[in-house]
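Step one of this worksheet: look at the structure below.
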Amino acid sequence: MMPDTVAPLADRMRPKELDSIVGQEHLLGRDKPFRKMLERGELHSMIFWGPPGSGKTTLALAIAQYTAADFIQISAVSSGVADIRKAVKRAQDNRQLFRRRTILFIDEIHRFNKAQQDALLPYVESGVITLIGATTENPSFEVIAPLLSRCRVYVLNQLRPEELKVLMRRALESEQGLAGLKPEVGDDVLDYFTVIAQGDARVALTALELAVISTEPDEGGKRRVTLELAQEIVQRKFLLYDKGGEEHYNLISALHKSLRDSDPDGALYWLARMLEAGEDPLYIARRLVRFATEDIGLADPDALLVANAAKEAVHFTGMPEGNTALAQAVIYLALAPKSNAVYQAYLRAKQDALNSLTEPVPLHLRNPVTPLMESLGYGKGYKYAHDFPDARVEQEHLPDSLRGRKYYFPTNRGFEAELRKRQRRQDREEGTD
1 MMPDTVAPLA DRMRPKELDS IVGQEHLLGR DKPFRKMLER GELHSMIFWG
51 PPGSGKTTLA LAIAQYTAAD FIQISAVSSG VADIRKAVKR AQDNRQLFRR
101 RTILFIDEIH RFNKAQQDAL LPYVESGVIT LIGATTENPS FEVIAPLLSR
151 CRVYVLNQLR PEELKVLMRR ALESEQGLAG LKPEVGDDVL DYFTVIAQGD
201 ARVALTALEL AVISTEPDEG GKRRVTLELA QEIVQRKFLL YDKGGEEHYN
251 LISALHKSLR DSDPDGALYW LARMLEAGED PLYIARRLVR FATEDIGLAD
301 PDALLVANAA KEAVHFTGMP EGNTALAQAV IYLALAPKSN AVYQAYLRAK
351 QDALNSLTEP VPLHLRNPVT PLMESLGYGK GYKYAHDFPD ARVEQEHLPD
401 SLRGRKYYFP TNRGFEAELR KRQRRQDREE GTD
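In full-length UniProt numbering, the protein residues as written are 1 to 433.
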């Protein structure tokens with residue numbers, strides 16, 4: 001019997017009952033509070049937060065089946081307020097005419113803007129709809145606070161390799177899946193698909209289906225899928241990466257922290273992860289420039305030059321040639337002496353600046369570009385540094401309310417140690433040490 005190949009394998013094999021769902025034992029285990037809540041019929045609005053292919057839609061459908069609720073599914077990518085109103089009208093009819101609960105499942109709910117999310121509030125609050133939102137993004141950032149406060153957030157975990165293999169074997173053995181094609185797929189192929197899927201059931205099943213239907217049957221009608229064929233079909237790993245999502249920030253954070261901790265190997269690994277996943281190399285280059293000033297600063301002034309040169313090299317050569325320029329910069333920055341003294345100095349100055357925005361510039365620091373300004377005292381008493389020995393002059397350069405304030409405190413690392421000596425010598429000469 002040939003399967004219905006119109007629908008993708010992942011959809012054909014989607015479990016319809018809670019007991020058939022693979023994974024998420026922390027929610028669906030027999031003794032888990034979430035499972036017991038469903039068994040008691042105590043359904044509430046909720047948000048499923050998990051990586052792609054972890055079973056968010058599957059779980060929502062199974063809940064609807066389990067609770068006998070009317071299930072309305074929309075996608076935030078292609079829906080708007082009009083679709084919400086249509087769903088609400090149906091939910092109101094269900095409630096008034098049939099005393100039936102309605103689940104409104106919104107896939108990628110983080111794609112709804114504030115106005116669209118606001119439109120859900122009164123109906124979630126009144127219980128007209130039981131909202132189940134699915135998102136791959138952190139709902140704390142992507143769902144408005146009033147809506148988030150009316151929902152419970154449940155985290156779905158990435159599926160483990162053994163769980164993916166259970167799903168693939170189920171598909172190979174099911175007539176609804178691939179059994180009608182008489183596939184023979186070894187563990188080495190299944191292991192390979194678990195690697196490229198990285199926890200995403202849809203990716204694993206799609207790769208499996210593609211491999212089976214691309215394999216010519218032998219004289220007995222069997223399709224023997226080899227590892228070589230599987231690798232040829234897939235061609236490239238599916239990397240876990242979303243340039244607009246949380247993983248994007250997780251990876252740049254890992255790169256930044258590896259650099260800060262002076263680990264060139266860790267930094268190179270995260271750099272490669274980002275580049276091979278398709279990250280904009282100029283974005284990485286800009287982050288390296290920022291790192292050079294924020295975490296190295298004057299401990300090694302050349303760090304900024306190296307980072308900026310890498311940025312220019314990437315811009316000039318493009319990719320993939322620019323990847324070694326970034327790698328060179330990453331190694332240099334990782335092994336450079338570290339100091340955040342410049343960064344901290346700016347934060348101190350910034351705080352004082354924000355607290356004294358109305359402080360006037362001292363008259364002696366103002367430029368008397370007109371006779372009137374000169375008559376008002378602009379520039380009066382200003383001492384021109386080059387008229388003094390060593391071009392050094394004792395002169396106040398801060399507003400009166402901030403007189404004597406210090407912002408820059410150099411470390412004793414790298415070139416900053418020399419700057420520290422200079423600063424201390426200057427302070428002694430001025431009698432401020």
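Glycine included, every Cβ here is placed at the ideal spot set by N, Cα and C.
Chain-order list of residues whose beta-carbon lies under 8 Å from that of residue i (same chain, five-residue window excluded)
i    : result
G221 : K182
P15  : I21, V22, T58, A62
K311 : L282, A285, R286, L288, V289
Q426 : R392
L148 : I47, P139, S140
S356 : P399, S401, L402
Close beta carbons around residue i, own chain, < 7 Å, minus the five adjacent residues each side
i    : result
A327 : L268, L271
V314 : P281, L282, A285, G322, A325, L326
N308 : V289
K56  : F48, G50, A134, L156
G92  : At residue 92 the sequence reads Gln, which differs from the Gly that was named. For Q92, where only same-chain residues beyond five positions count, the Cβ hits under 7 Å are V128.
E429 : none
V88  : Y123, V128, I129
Whether residue i touches residue j by CB criterion (8 Å)
i           : j    : result
L156        : A201 : no
residue 438 : P410 : In the structure as shown, the chain begins at 1 and stops at 433. Residue 438 is therefore absent and cannot be evaluated.
A134        : T102 : no
T206        : L61  : no
K338        : A299 : yes
Q117        : V81  : no
I129        : L97  : no
H397        : G379 : no
M13         : Q176 : yes
G199        : G53  : yes
I47         : I74  : no
V234        : I196 : yes
E359        : P399 : yes
G297        : A341 : yes
Proximity winner among the options, relative to residue i (alpha-carbon distances)
i    : options                : result
D187 : L164, N308, A179       : L164
A277 : L251, K257, R224, Q351 : L251
A329 : M274, D93, L43, P264   : P264
M274 : P320, I296, C151       : P320
L335 : A292, D93, S253, D218  : A292
V78  : R111, E232, R95        : Reading off the sequence shown, one finds Ser at residue 78, where the question assumed Val. Of R111, E232, R95, the residue nearest in Cα terms is R111.
K383 : R366, K114, T370       : R366
V142 : K114, R152, P161, S126 : Per the sequence shown, residue 142 should be read as Glu rather than Val. Checked all of K114, R152, P161, S126; the closest Cα to E142 is K114.
E25  : S214, Y154, S356       : Y154
I255 : E232, I331, T226       : Sequence inspection shows Leu at residue 255; the Ile mentioned does not correspond to that position. Per the Cα distances, I331.
T226 : L208, V189, D261       : V189
Presumed contact (8 Å Cβ cut-off) between residue i and residue j, rounded CB distance
i    : j    : result
G41  : R35  : Wrong, their Cβ atoms sit about 12 Å apart, outside the cutoff.
Y192 : A230 : 6 Å
F415 : P301 : 6 Å
L304 : L259 : Contact flag wrong, Cβ pair sits at about 14 Å.
Y343 : E294 : 5 Å
L120 : I84  : 6 Å
A145 : M168 : Incorrect: roughly 40 Å between the Cβ atoms, too far for contact.
R100 : I72  : Their Cβ separation, rounded to whole angstroms, is 12 Å, which puts R100 and I72 out of contact at 8 Å.
L27  : Y66  : Incorrect: roughly 13 Å between the Cβ atoms, too far for contact.
T194 : P161 : 4 Å
Cβ-based neighbour list, residue i, same chain, cut-off 6 Å, excluding 5 preceding and 5 following
i    : result
I109 : A76, G133, T135
L178 : A171, L172, V212
L239 : With a pLDDT of only 47 at L239, under 50, the local geometry of the prediction cannot be trusted, and the value read off the model is given with reservation. Within the same chain, L239 has close Cβ partners A277.
R224 : E184
V124 : S45, L131, R150
M2   : Low confidence applies here, because M2 scores a pLDDT of 47, under 50, leaving its location unreliable and the question unanswered by this model.
R348 : Y407
K237 : With a pLDDT of 45 at K237, under the threshold of 50, the modelled position of this residue cannot be trusted, and the question is left open.
V361 : none
A345 : Y407, Y408
Paired residues, beta bridge with residue i - DSSP
i    : result
A134 : F48, D107
T102 : D70
P183 : R223
V153 : I47
S75  : D107
Residue i beta carbon near the ligand HEM (any heavy atom closer than 7 Å)
i    : result
K257 : The ligand HEM is absent from the structure shown, which contains no ligands of any kind.
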